[in-house]
Ligand code: S3P
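So this is what it looks like as structure tokens:
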């Protein structure tokens, strides 16, 4: 499949499947794939949870923006899955939208909570939360973050978003 867009950014809350879908799309388009969290871990030699614990969230956000800028400036064509917080800090979302196609994988709180219940351990913001606490936390944070996510050029809403849906949306006008 020929791509008209050079850089595709997958945007969405934790648990929305950005990394899994990103890898699939990259394979189908035969493009490189980056996971911003993995790039940060490689760069710093620390796990995301360690960075939060040892250095604090604002340090993590600085590194996250630096790493994003580096990838935008130094790499040509790729799919990248962002962290759930990436669009909401510094001027990241403007930078993203000035550099390629952003796609928001939009799920409601209920779906996100059920997707995240078994995936809390590696996520410093969710660790040790009970189901009730997780629900309240996700609802509240999604409320605060959605205005950034909604700046994405493309929005897909669903109960189980697939890589084909994303490709159709991105390339629906292709010849
Ligand atoms: C975060 C999401 C995580 C990771 C970090 C902070 C967030 O990425 O960047 O734990 O603020 O929502 P995923 O969305 O891939 O879980």
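Numbering (the working numbering), first residue to last: 32 to 206. Here a beta-carbon is modelled for each residue, glycine too, at the ideal position from N, C-alpha and C.
In its chain, beyond the 5 residues on either side, 136, 138 have a beta carbon closer than 6 Å to the beta carbon of residue 47. Cβ contact annotation for residue 68 (same chain, cutoff 6 Å, sequence separation greater than five): 79, 114, in chain order. Using a Cβ distance threshold of 9 Å, residue 85 and residue 77 count as a contacting pair. In this structure, the alpha-carbon of residue 158 lies about 11 Å from that of residue 164.
With respect to the 9 Å criterion, residue 168 and residue 111 are not classified as neighbours on the basis of their beta carbons.
Distance between residue 53 and residue 130, taken at the CA atoms: about 17 Å. Shown here, residue 164 sits in a helix according to DSSP, grouped into three states. For residue 110, the shortest separation between its Cβ and any heavy atom of the ligand S3P does not lie below 8 Å.
Across the set 142, 178, 175, 184, the C-alpha of 142 shows the shortest separation from the C-alpha of residue 190. Residue nearest to residue 58 within the set 125, 147, 108, 102 is 108 (criterion: CA-CA distance). For residue 94, there is no enclosing beta strand (DSSP E); the residue is part of the alpha helix (DSSP H) that begins and ends at 88-105. A distance of 9 Å or more separates the beta carbons of residue 117 and residue 102. Residue 38 carries a strand assignment under DSSP once its states are collapsed to helix, strand and coil.
If you check the CB distance, residue 124 and residue 182 come in under 9 Å.
Residue state for residue 199 is assigned as helix, using DSSP reduced to three classes.
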